[in-house]
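FYI, in the numbering used here the residues of the sequence shown are -15 to 248.
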Amino acid sequence: MSAAVQRFMQLHQQSQPFILVNVWDAASLMLAQQQGAVAVATSSAALAWSLGYADGSALPATELIAAVQRLLRVSTVPLSIDIEQGYSDDPRQVAQLVKQLAQAGIAGINLEDGRDKPEQLAEKITACRQLLAGIPLFINARTDVYLSQLCNADAAVDECITRLKRYQQAGADGAFIPGLTDLAAVTQLHRQLTLPINLMGWPADATHNTLNEAGVKRISSGPALFLQCYNYYQQACRSFLQIEQLEEQALTYAGLNQLFSQPH
-15 MSAAVQRFMQ
-5 LHQQSQPFIL
5 VNVWDAASLM
15 LAQQQGAVAV
25 ATSSAALAWS
35 LGYADGSALP
45 ATELIAAVQR
55 LLRVSTVPLS
65 IDIEQGYSDD
75 PRQVAQLVKQ
85 LAQAGIAGIN
95 LEDGRDKPEQ
105 LAEKITACRQ
115 LLAGIPLFIN
125 ARTDVYLSQL
135 CNADAAVDEC
145 ITRLKRYQQA
155 GADGAFIPGL
165 TDLAAVTQLH
175 RQLTLPINLM
185 GWPADATHNT
195 LNEAGVKRIS
205 SGPALFLQCY
215 NYYQQACRSF
225 LQIEQLEEQA
235 LTYAGLNQLF
245 SQPH
């Protein structure tokens, strides 16, 4: 097992949840590392947007692989890659992509069900495990029950439990439930699941202790950091086009260039 995969798996076993910063290019990754990120992951939306594609499986696999290679070149912490639904309906093709990424040196993936039937994701996870044939990789199974409101709110917890148990049997290592912000519901899931739970963003009034009690082991930012960065960029562009002086920032040309000049 590589040191990156081993470290990534260990992070999911800590007593406190760890923060997984989502990145989309070498610059965002290196700045995340500089600020102390213990692991990083791509946001599928942020990565697609940064390369000129819409989110939602529009990113060609060749573009994904090239982007991952650039990220791995500068990464000193475990890197997980969001591959949406695997960019294919064919479990064999999904497994081939996952094996290629694992051999490149990533520590984990996110693989989601979206609006597909749960058996489709289970088949993809099974195919991945079979083709990996012992190559270690953290597979985070994402269900969009909450994010896409796939069922009535009263049935959402039970639907998540059913799906995630199926994904675990197929070989998943983690459970990702974006859109879930109710800690009481998270606690219900935790009582029925043995997988470490991953949420997107901080639930209201949550603390490290309350999250840990609810079984949360990982908090990721999703596209939020990308949106915050580009919201500022949009405002700065507007100011510059109106011939306004841009404000001085703590991050300078010299500082960023020095960061990239360091050996990787």
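For glycine and all other residues, C-beta sits at the position ideal for the given N, C-alpha and C.
Cα atoms of T236 and E103: separation of roughly 50 angstroms, rounded to the nearest angstrom. Scanning the segment 16 to 71 for uninterrupted alpha helix (DSSP H) segments of 4 residues or longer gives 28 to 34, 45 to 58, listed from N- to C-terminal end. Comparing alpha-carbon positions, the option among V61, W33, G40 lying closest to A51 turns out to be W33. Counting of Cβ neighbours within 10 angstroms places C112 among the buried residues, the total reaching 16 or more. Residue L63 holds the alpha-carbon nearest to the alpha-carbon of A(-13) among L63, L240, A45, L55. Restricting attention to L105, P120, P75, the CA atom closest to the CA of A88 is found in P120.
Looking at the DSSP output, R202 bridges to F2, N182. Taking all protein chains in view, the Cβ of C144 is crowded by 16 or more other Cβ atoms within 10 Å, so the residue is classified as buried.
Taking the C-beta atoms as reference points, R126 is found no nearer than 8 angstroms to E107. When the beta-carbon positions are compared, V200 and P1 come within less than 8 angstroms of each other. For R126, there is no enclosing alpha helix (DSSP H); the enclosing beta strand (DSSP E) covers residues 122 to 126. Cβ atoms of F122 and G70 stay farther apart than 8 angstroms, at about 16 angstroms. When DSSP states are grouped into helix, strand and coil, N94 belongs to the strand group. A direct Cα-Cα distance of roughly 6 angstroms separates N6 from S205.
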